[in-house]
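Participant: Sequence positions in the sequence shown follow the working numbering and run 9 to 103.
A virtual CB, placed ideally from N, CA and C, is assigned to each residue, including glycine.
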Amino acid sequence: MTTTKKRIGRPTTTDPRIHRYNFKLTTEENIRFKQMLCKAGLEHNRSRFIVKRIFGEEFVVVKRDPSKVPFIARLNDFYFQFQKLGNNCAPVKAI
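#1: Would you report the Cα separation of L50 and I62, rounded to the nearest angstrom?
#2: Rounded to whole angstroms, what's the CA-CA distance from Q91 to T22? Just pull it up for me.
#3: Considering only the alpha carbon of each residue, which of N53, P78, I58 lies closest to N30?
#4: Alpha carbon to alpha carbon, what distance is there between K47 and E37?
#5: Return the CA-CA distance between H27 and L83, expressed in angstroms with no decimal places.
#6: Since R54 contacts L45 with CB under 8 angstroms, what's their CB separation in whole angstroms?
And the structure:
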């Protein structure tokens, strides 16, 4: 009897990242490194920052403007009102 095992867990990638490097920084270099991370907006993903920095890829920084939050909230409410209207009209179309 042949049984196939069902794979569980994360799917494997076609090009896995298996090569690792380790380096140490001085206190001044660490402070500068953290400032660069904050400026790039990649505080949570150091490895991606380092790879992009080494290979010269462009950083994309998306900054959220706190003054636009109420506008976006009202815009979302407006969208949801149209969605409710469409949901209420759907049964009428069926008749």
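Facilitator: This is what the structure gives:
#1: 15 angstroms
#2: 41 angstroms
#3: I58
#4: 15 angstroms
#5: 46 angstroms
#6: 7 angstroms
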